[in-house]
Amino acid sequence: MRKAFPNGTVALDGLDLAVRRGEFLSLLGPSGCGKSTALRLMAGLGEPTAGTVQRPAGAKLGFVFQEPTLMPWRTVWGNVRLPLQMAGLSRGDAEPRVADALERVGLTSFARAYPRQLSGGMKMRVSIARAIATQPDLLLLDEPFAALDEITRGNLNDDLLRLWQGHGLTIVFVTHSVYESVYLSSRIVVMAPRPGRVVADIPLPPPTARTEEYRSAPSYVADCRTVSAALKSAIHA
Amino acid sequence: MRSQRLLLALLPIVTGIVVLVAWEAVVRLNDIPPYILPSPLAIGAKLIEDWGTLSSSLWVTLDITLMALLAAIVGGGGLAILFAQSRWVEASLFPYAVVLQVTPIIAIAPLILIYVHDTRLALLICAWLVAFFPILSNTTLGLNSVDHNMLDLMQLYRARRGQVLWYLRLPAAMPYFLAGLRIAGGLSLIGAVVAEFTAGTATGGTGLAYRILESGYRLDIPRMYAALVLLSLTGIVIYGCTSLLSWLVLHRWHESAVRRDR
Ligand SMILES: Nc1ncnc2c1ncn2[C@@H]1O[C@H](COP(=O)(O)OP(=O)(O)O)[C@@H](O)[C@H]1O
Ligand SMILES: [Mg+2]
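In the order they appear, the protein sequences are chains V and H.
Adding 23 to a residue's 1-based position in the first sequence gives its number in the numbering used here.
Adding 358 to a residue's 1-based position in the second sequence gives its number in the numbering used here.
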């Protein structure tokens, strides 16, 4: 797959990537290497200049941007209901789904709040709740936690893992953090810039319980080192 | 904190009273005749004395003003939505909206009065011409300044054009539209008065501007002032109403209307 923008920037060239059902795939790479572009193409936002994107027929998508991208005039509840509303669900049909999505991100008691009343982490949770409200098969996240503090980020990472393990979701997660990607993923794809392409494909141990101990396990540290090295060579490639 | 806010609200009232008292004193102490400068009390007395004529004139002007404002909302807002549908339409029409805006209304008004025989309609057109542009340009800006990620999201949801307009573009444009409305409220009054002045006595106008002209011919200076006071009050009330409307619509979500909690 190749993607060139009208201004001549070649964001991706020769990108070949297969996402497997049920995996937690991280796209890791320095900024500007085309991670967002690749993710947007997967979602169908824009067409590749050459090559194709294939998706299983009828697959439902959820997308989470780096910014929460909420409608400030809608309450938390209203924001989560939006995709269901666009899909033509009645208020009554949408209600249990919105309630469920909010419960899964722990925001039930903030349903009636407006986005401006929430912290950055809570806004991100709303954004995730909105993405899972349609019960997607594939969840695409573009550096969703990049703007958050360490603690909030850690909590949201665990939330995300719980969502993934509990619901047979397939997740593609864009990040530039080695530790985050090793902690979360079942596979890491490392990308290099100019033009954006895949330079390493690293499988990780099966997603058995990721707990606090996992973060200090020797295998985790070793994996981080491998991935770090791959990222370093990608930057200098 | 609260007492300070109260003080801030009272200050302009105090200033007004001081000025009025000084004015009254200057007129009385210097024995200035009312046909040169009437005192505030004399103007008040005139307002009560001539309330019958003045109030009916007020209604005439108010009617033109509000109808023009309504037409500006429908026309300006409608055109803005049309512009948002297609760049081609916007590109071909927007320059002419600018032409209408920059040509002084006082220069166009006589022509409109010649072509349109119904005086009320002619006045309405003049007032509308002045008032619609801020609504048009503000709403157009608002409809076009929607967050691109939000638009992408709507595309992912497979939202139809109409849904994108209704659920995303219109609410996002609301603060811009309301800012335009506040300007348009004042301008529609100005437009109505300018048009009335141009129509003058020839067409048998009856609005407040006409009363000012008529009182001028008769050298009834206190009545000129009385009509002027009514015009100012009308402007203030219109501004107050549009500001209130803006607050009611935005206060729950928009930064401009939300108090800063500190
Ligand atoms: N809409 C666009 N128009 C032109 N160039 C773009 C556009 N979007 C991204 N790019 C360029 O494509 C390259 C990859 O961008 P992006 O996918 O955002 O990288 P990443 O998400 O990895 O930081 C960058 O060089 C960027 O400047
Ligand atoms: Mg990016």
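Built from N, CA and C at the ideal position, the CB exists for glycine as well.
>> For Ser239/V and Cys247/V, what's the separation of their Cα atoms in angstroms?
In response: Roughly 11 Å between the two C-alpha positions.
> Do you know how far the Cα of Arg581/H is from the Cα of Ala442/H?
Replying inline: If you take the alpha carbons of Ala442/H and Arg581/H, they lie about 48 Å apart.
> From the beta carbon of Thr175/V, is the nearest beta carbon of chain H less than 7 Å away?
Replying inline: So no, Thr175/V is outside the interface.
>> Could you check if Ser59/V belongs to the surroundings of ligand 2, using beta carbon to heavy atom distance under 6 Å?
In response: Indeed, a heavy atom of ligand 2 lies less than 6 Å from the Cβ.
>> Looking at the secondary structure, which residues open and close the beta strand (DSSP E) in which Val87/V lies?
In response: Where Val87/V is concerned, the enclosing beta strand (DSSP E) stretches over Leu84 to Val87.
> How would you list, in chain order, the residues of chain V whose beta-carbon sits under 9 Å from the beta-carbon of Leu511/H?
Replying inline: Per Cβ cutoff of 9 Å: Phe86, Phe88, Thr92, Leu105, Pro106 and Arg153.
> Residues of chain V with CB under 8 Å from Val616/H, in chain order?
Replying inline: Under the 8 Å cutoff, chain V gives Arg139.
> Under 7 Å between the Cβ atoms of Ala485/H and Gly549/H?
Replying inline: Contact annotation: Ala485/H and Gly549/H have beta-carbon atoms nearer than 7 Å.
> Hey, Val42/V and Val195/V: beta-carbon distance below 7 Å or not?
Replying inline: For the 7 Å CB-CB criterion, Val42/V and Val195/V form a contact.
> Per DSSP, what kind of secondary structure is Leu68/V in: helix, strand or coil?
Replying inline: Coil at Leu68/V, not helix or strand.
> Which two residues bound the contiguous alpha helix (DSSP H) that contains Thr423/H?
Replying inline: In the DSSP assignment, Thr423/H falls within the unbroken alpha helix (DSSP H) covering Trp409 to Gln443.
> For Ala517/H, which residues in chain V fall below 8 Å Cβ to Cβ?
Replying inline: Residues of chain V whose Cβ lies closer than 8 Å to the Cβ of Ala517/H are, in chain order, Met109.
> Do Ser49/V and ligand 1 come close, with the Cβ less than 6 Å from some heavy atom?
Replying inline: Answer for Ser49/V: no, Cβ out of range of ligand 1.
> Given a limit of 8 Å on CB to CB distance, which residues of the stretch 585 to 615 of chain H reach chain V?
Replying inline: Per Cβ criterion, the list reads Arg610, Trp611, His612 and Glu613.
> Is the CB-CB distance between Ile211/V and Val244/V below 7 Å?
Replying inline: No, these two residues do not count as a Cβ contact at 7 Å.
> From this set, Gly129/V, Pro167/V, Val121/V and Ala136/V, which residue's C-alpha is nearest Thr157/V's C-alpha?
Replying inline: Cα-wise, what sits closest to Thr157/V is Val121/V.
> By a C-beta neighbour count over all protein chains shown, 10 Å radius and 16 as the cutoff for buried, is Gly81/V buried or exposed?
Replying inline: With fewer than 16 Cβ atoms within 10 Å of its Cβ, Gly81/V is classed as exposed.
> Can you list the residues of chain H that Trp100/V reaches, using a CB-CB cut of under 8 Å?
Replying inline: Near Trp100/V there are no residues of chain H at all, since even the closest Cβ is about 14 Å away, more than 8 Å.
> Tell me the DSSP bridge mates of Lys255/V?
Replying inline: Looking at the DSSP output, Lys255/V bridges to nothing.
> At which residues does the alpha helix (DSSP H) containing Phe535/H begin and terminate?
Replying inline: Per DSSP, Phe535/H belongs to the alpha helix (DSSP H) from Leu528 to Ala557.
> Does the beta-carbon of Cys599/H have 16 or more other beta-carbons within 10 angstroms, so that it is buried, or is it exposed?
Replying inline: Result: exposed.
> Quick one: what does DSSP say Gly219/V is sitting in, helix, strand or coil?
Replying inline: Annotated three-state conformation of Gly219/V is strand, per DSSP.
>> Can you give me the C-alpha to C-alpha distance between Val197/V and Asn102/V, rounded to a whole angstrom?
In response: Between the alpha carbons of Val197/V and Asn102/V lies a distance of about 23 Å.
> In this structure, what does DSSP give as the bridge partners for Pro226/V?
Replying inline: Residue pairing by DSSP puts Pro226/V in a beta bridge opposite Arg210/V.
>> Residues of chain H with CB closer than 7 Å to the CB of Ala66/V, please, in chain order.
In response: Neighbours of Ala66/V on chain H, chain order: Leu514.
> In three-state DSSP terms, what is Ile375/H?
Replying inline: The answer is helix: DSSP assigns Ile375/H an H, G or I state.
>> Judging by CA-CA distance, which residue of Gly434/H, Gly538/H and Trp409/H is the nearest neighbour of Phe452/H?
In response: Checked all of Gly434/H, Gly538/H and Trp409/H; the closest Cα to Phe452/H is Gly434/H.
> Heavy atom of ligand 1 less than 6 Å from the Cβ of Thr32/V, yes or no?
Replying inline: Relative to ligand 1, the nearest heavy atom lies less than 6 Å away from the CB of Thr32/V.
> Three-state secondary structure (DSSP) at Asp172/V?
Replying inline: DSSP places Asp172/V outside both helix and strand once states are collapsed to three, so it counts as coil.
> Are the C-beta of Pro529/H and some C-beta of chain V separated by less than 7 Å?
Replying inline: Chain V, which has a Cβ nearer than 7 Å to the Cβ of Pro529/H, makes this yes.
>> Alpha carbons only, please: which of Ala517/H, Leu577/H and Ser495/H is nearest the one belonging to Gly436/H?
In response: Closest by alpha carbon: Ser495/H.
> At least one CB of chain V closer than 7 Å to the CB of Met508/H: is that the case?
Replying inline: Taking a beta-carbon distance threshold of 7 Å, Met508/H counts as an interface residue toward chain V.
> At least one CB of chain H closer than 7 Å to the CB of Trp187/V: is that the case?
Replying inline: Nearest CB-CB separation between Trp187/V and chain H: not below the 7 Å threshold.
> So what's Ala73/V in DSSP terms, helix, strand or just coil?
Replying inline: In this structure, Ala73/V counts as strand in the three-state DSSP scheme.
> Count the other CB atoms within 10 Å of the CB of Leu73/V; is the residue buried (16 or more) or exposed (fewer)?
Replying inline: In the sequence as presented, Leu is not what sits at residue 73/V; that position holds Ala. Exposed, since its Cβ has fewer than 16 Cβ neighbours within 10 Å.
> Taking DSSP as the reference, what is the three-state secondary structure of Ser503/H?
Replying inline: The answer is coil: DSSP assigns Ser503/H none of H, G, I, E or B.
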